[in-house]
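K.L.:
Structure below; questions to follow.
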Amino acid sequence: MQRLRRGDPERVGPYRLLARLGAGGMGVVYLGRSPGGRLVAVKVIGARYTGDAEYRARFRREIGAARTVSGAFTASLLDADADAGTPWLAAAYLPGLTLREAVGGHGSLPGPAVRTLAAGLAEALADIHRAGLAHRDLKPGNIMLTAAGPRVIDFGIARPDDAITITRVGATPGTPGFMSPEQAAGLRTGPAGDVFSLGTVLAYAATGVEPFADDGMAAVLRRVKEARADLAGIADPWLRDLIGDCLRLEPERRPTAAGLLARLDGAGPAQGSGWLPASVAEAIDRRTARARRMPEDSPPEDEPTPPTVPDQDRMSEETAEPEAGDGDGDGATGSPSRRALLVGGAAALATAGVIGGAVTLRRGRGGGARAAGAPPRPTATTPTAPPPRATSRWKVKVDDYYPDLLAAGEVLLAHGDGMLKALDPDTGKTRWKHRSFGIDHVSVDGDDVFVVDHFASRLTMLRAESGDERWSRPWPSERKVPMYPVAGASTACFGYDSVTALDRADGDRRWNARVKTELGIAVTEDLVITVDRTKVSALDAGSGRPRWTCPAYWAHYPQACYGLVFFCDGRGTVHALRADTGALVWKKQMGETVYESFGFGSGGGVVHFGTAAGDVSAVRAATGEVVWSRRVGPRASRNTWNALGTTGDRVYVGCADRNVYALDAADGHTVWTYPADVTVRTSAPVAIGGSVFIGTAGGYVRALSPPGGG
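For the sequence shown, the numbering used here assigns the number 350 to the initial residue and increments by one for each residue that follows.
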């Protein structure tokens, strides 16, 4: 929740506005108060849509849909005006947590709570479907957990079943990780699609992980279209079967919402918050109490700036319109993009796990092997004067979601949403662009850019300076879509269910090895490193023959540097192996999951990474000794991804509090910050020359000038 800004209206219809609840691509949601004192959520569409006849038609239809739905587990529409100069609607304000906030901040729900939640949501969908409607965007950010029970909110994409779809090409409604297969394929969807989304939501609630999570939006959509959900983490067999029925590929084979409700007859009543874990119920109570104390007036802000201690309840700018709540919605991409980057050079950047909590810092003490085995424990320190801020030089829109950024010499590459653009770092102007809807993975080595296009079934090599194509090669049609393009001195590799090496000079195939590499590839001068659910393997880069194998549990996102191979397993343990033999050098239990969070600086023999607990750590590559460890920004949910990257003497963190932090690589102190005011995630900040570049919500790339040149 934010204070009103200068320029925000004081009143909409009969409602006096008190605060901002959130903003998205289609407008702003405010907290308002009725003349009788009732708190309401007021959704006002953006000025750029007021003259759009198609959008007004959609908004009018949204109002009609919301008026016809009334049930115990849906938010009720109170008032609306589709013909006002600025159209708006008002819904009952329901303070509480979104399911996204609850799971992200407190962990997955126990089996009985998931059953109770399922019953409430199934009843809500049954009410919606009984009115001849479909929600079409059911996701954790559109489910409020309140003191009165769960509520389905946001009818921004609800439409009558017989309505003509007016969504433009490329703007399919819905959120990728929670779409139905028919939605992901761009086809018409209805109540059966809502049931599929319900299954996805319940799987997320039961495990804390999105069941179709994968590397990049295109890969997520591919898994959704094939209904390849990962339900292994659901311990309750009955619940797993019920969710599996919801997630059937064929719409006609899925149960109806009413049928699900009948199967859930034995679930506990979804009334109040007593069915939830105590920590979640207490958080809901705190939100509810705070809402009752809302002041009548609060002075507007000139511009939103981050407080010294960030407000834990600020809405992300890209949040979908939460008509009836004040919690965070889902990002535009569903699950964040997690693209593996090239590791052939001296530095590599990759996205990190969650960074959160109060600013803390500690220096590591020596300790050899023993120090390597103990998780770093950041300790609190008293904050000093705030660090200086960077300034923004330019901002350009290149995407509709979160663009991924890469540095190729003096060229800045931005990709996403079927487009790869080369930008001039000084001006932001486009030097060249490579367009294909299926662009999924991009990596860089020197002046060479490698692009995987899963729609065209090709791996293409481009020149970074000019965008000229050096070669383009198809992969065998019987293979699964390859990912993770990486390049060594003379080969370019990609893989998924097998690894293929191409001659870097002309793209001719050198070898193919039937070795799975589901979660990344790394390369050294003479090795190709692969990982899967049970092992880490090294192949000879020249022939593809096996060199060594090391058992591992869910190894993911390997990186190679300093003569070592680094990876994290599914238990949150970081491993360092000798690249030549596979022998274990050290391992460190971080206490929390370490995602693909490694960043290698250009010197010093230090590895930087982040954990889901919110820590950024610097570790000596040779010994595993912790040099320093600290927490950056507020504690975020474990499903909120932050971006960590290193270059030279700086570690850059794009944080969930919508700030960018530049840390000193030597000791971890904050050198400068930048208040982005929109979420920065999925792509690490990139440094070229004296500037730092970030990709933010809404598809923007920003160029930052650090204070004092550093």
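Each residue gets a CB set at the ideal place from its N, CA and C atoms; glycine is no exception.
Values in this document were obtained by computation on a predicted structure and should not be read as measured data.
#1: Cutting at 6 angstroms between CB atoms, please list the residues of its own chain near T1022, excluding the five before and the five after it.
#2: If you reduce the DSSP assignment to three classes, tell me which class G1082 lands in.
#3: Taking E818 as part of the beta strand (DSSP E), name the residues at either end of that continuous run.
#4: Do you know offhand how far G542's Cα is from P600's?
#5: Residues in its own chain within less than 6 angstroms of L609 by CB, not counting five upstream and five downstream?
#6: When you compare the CB positions of R405 and A368, do they come within less than 8 angstroms of one another, or not?
#7: Put F1042 into one of helix, strand or coil per three-state DSSP.
#8: What span of residues does the alpha helix (DSSP H) with A455 cover, start to end?
#9: Can you name the residues that DSSP bridges to F916?
#10: On the DSSP bridge assignment, give the partners of V877 in chain order.
#11: Taking buried to mean at least 16 other C-beta atoms within 10 Å of its own C-beta, is D789 buried or exposed?
#12: With distances taken from CA atoms, which of V391, V569, R354 and G498 is nearest Q532?
#13: Y379: which of A390, D964 and T995 sits nearest, CA to CA?
#14: How many angstroms separate the CA atom of R882 from the CA atom of W903?
#15: Beta-carbon separation of G893 and V880 under 8 angstroms?
#16: To which residues does DSSP link S792 through a beta bridge?
#17: Should L458 and I492 be called a contact, given that it needs their Cβ atoms to be closer than 8 angstroms?
#18: Write down the C-beta distance between V418 and L482 rounded to the nearest angstrom, noting that I regard them as a contact closer than 8 angstroms.
#19: Let me check one thing: in DSSP terms, what residues is P895 bridge-paired to?
#20: Taking only the alpha-carbon atoms, compute the straight-line gap between V463 and R896 and give it to the nearest angstrom.
#21: Per DSSP, which residues does K744 bridge with? Please list them.
#22: Using a Cβ-Cβ cutoff of less than 7 angstroms, which residues in the same chain neighbour H886 once the five nearest sequence positions on both sides are dropped?
#23: Give a yes or no on whether the C-beta atoms belonging to V1050 and V745 are separated by under 8 angstroms.
#24: So, with DSSP's three-state summary, where would you put Y379?
#25: For the alpha helix (DSSP H) containing I592, list its first residue and its last residue.
#26: I'd like to know whether the C-beta atoms of G801 and L762 end up nearer to each other than 8 angstroms.
#27: So, helix, strand or coil for S425, using DSSP?
#28: So, with DSSP's three-state summary, where would you put P461?
#29: Can you tell which of D775, T435, V544 and H478 has the C-alpha that lies nearest to the C-alpha of G1038?
#30: By alpha-carbon positions, which one of Q620, E631 and L591 ends up nearest to R612?
#31: Enumerate in chain order the residues of its own chain whose CB-to-CB distance from R572 is below 8 angstroms, with the five nearest sequence positions on each side excluded.
#32: Does the beta-carbon distance from T423 to D476 come in below 8 angstroms?
#33: Near F527, what residues of its chain come up, given a Cβ to Cβ distance below 7 angstroms and the 5 sequence neighbours on each side ignored?
#34: Less than 8 angstroms between the beta carbons of H764 and D753, yes or no?
#35: Taking 8 angstroms as the threshold (C-beta atoms), are A554 and V452 in contact?
#36: Distance, Cα to Cα, W781 vs S847?
P.N.:
If we stick to the structure as given:
#1: P736, R738, N1008 and Y1010
#2: In the structure as shown, the chain starts at 350 and stops at 1059, and residue 1082 therefore has no counterpart that could be examined.
#3: E818 to P823
#4: 7 angstroms
#5: A471
#6: no
#7: strand
#8: Inspection of the sequence shows that residue 455 is occupied by His rather than by Ala. That run of the alpha helix (DSSP H) goes L448 to H455.
#9: Within the DSSP bridge table, the entry for F916 names H924 as partners.
#10: Bridge partners of V877: V872 and L888.
#11: It counts as buried.
#12: If we check each option's Cα against that of Q532, V569 comes out closest.
#13: A390
#14: Straight-line Cα distance between these residues: approximately 4 angstroms.
#15: Not in contact: G893 and V880 (Cβ atoms no closer than 8 angstroms).
#16: As a beta-bridge residue in DSSP terms, S792 pairs with F799.
#17: no
#18: 6 angstroms
#19: According to DSSP, P895 bridges with L888.
#20: 46 angstroms
#21: R1051
#22: For the record, residue 886 in the displayed sequence is Ser; it is not His. Excluding residues up to 5 positions away in sequence, V864, T879, P895 and T898 lie with their Cβ nearer than 7 angstroms to the Cβ of S886 in the same chain.
#23: yes
#24: strand
#25: Going by DSSP, I592 is part of the alpha helix (DSSP H) stretching over P586 to C595.
#26: Note that residue 801 is Val in the sequence shown here, rather than Gly. Inclusion of V801 and L762 in the CB contact set at 8 angstroms is not warranted, their separation being larger than that value.
#27: coil
#28: helix
#29: D775
#30: Taking only the C-alpha atoms, the option nearest R612 is L591.
#31: If we look at R572 and ignore the five residues flanking it on each side, its Cβ neighbours are F561, D563 and A578.
#32: yes
#33: In the same chain as F527, and ignoring 5 residues on each side of it, the C-beta atoms closer than 7 angstroms to its own belong to L487, K488, S546, T549, V550 and G683, in chain order.
#34: yes
#35: yes
#36: 32 angstroms
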